[in-house]
Every structure is written in structure tokens, then in C-alpha cells.
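Asker: Shown below is the structure under consideration.
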Amino acid sequence: MIYSVVDIGSNTIRLQLYQYKKGKLKTIISKKKTAGLISYKENNKLNDEGIQTLLSILKSFKRILFN
Numbered sequence: 616m617i618y619s620v621v622d623i624g625s626n627t628i629r630l631q632l633y634q635y636k637k638g639k640l641k642t643i644i645s646k647k648k649t650a651g652l653i654s655y656k657e658n659n660k661l662n663d664e665g666i667q668t669l670l671s672i673l674k675s676f677k678r679i680l681f682n
């Protein structure tokens, strides 16, 4: 079985892809992008530029997973 985890933090966004086989997890893919999302915060919300930054990174992760 294959599992994927996306961790969206205030500074970095991580993609981890694991394979679970015979009771063990094996890392298949590990990617990290620095986004600095905290700098896009306005009134305790992510502004439009921050949202676009996040979407761009998530789309790049999608290309990795589905190509």
C-alpha cells in the first residue's frame, strides 16, 4: 500500500510518499519546499499572494505524484 503525506507549515511544505510492505514503511519520495507562508499573513489569514504560492507548490507536488 502507498501513503502520501503533505505537511503545510508556516515556513516549509513537505511531501512524503511511503510504501507499507511487510509491516514496514519505506520512504519513496521526500520533497521539501521553502514557502515562507508566515510572511503572507494579513489579519490572521493568508493573503492572495500566499495562497498562490501555496497552490503553486501543491501543484508541483501533484505533478510529482501523478506523472
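For the sequence shown, counting from 1, position 62 maps to 677 in this note's numbering; every step adds exactly one. Yeah, the Cβ is synthetic: ideal placement off N, Cα and C, and Gly gets one too.
Which value, in whole angstroms, describes the spacing of the CA atoms of Ile623 and Phe681?
Answerer: If I take the Cα positions, the gap works out to 19 angstroms.
Asker: If you draw a straight line from the C-alpha of Thr627 to the C-alpha of Lys637, how long is it?
Answerer: C-alpha separation (whole angstroms): 32 angstroms.
Asker: When the distance is taken between beta carbons, is Tyr635 closer than 9 angstroms to Ser619?
Answerer: No. Outside cutoff.
Asker: Compute the Euclidean distance between the alpha carbons of Arg678 and Lys639, then round it to the nearest angstrom.
Answerer: Rounded to whole angstroms, Arg678 to Lys639 spans 26 angstroms at the Cα level.
Asker: Is the CB-CB distance between Leu652 and Leu669 below 9 angstroms?
Answerer: Cβ atoms of Leu652 and Leu669: closer than 9 angstroms.
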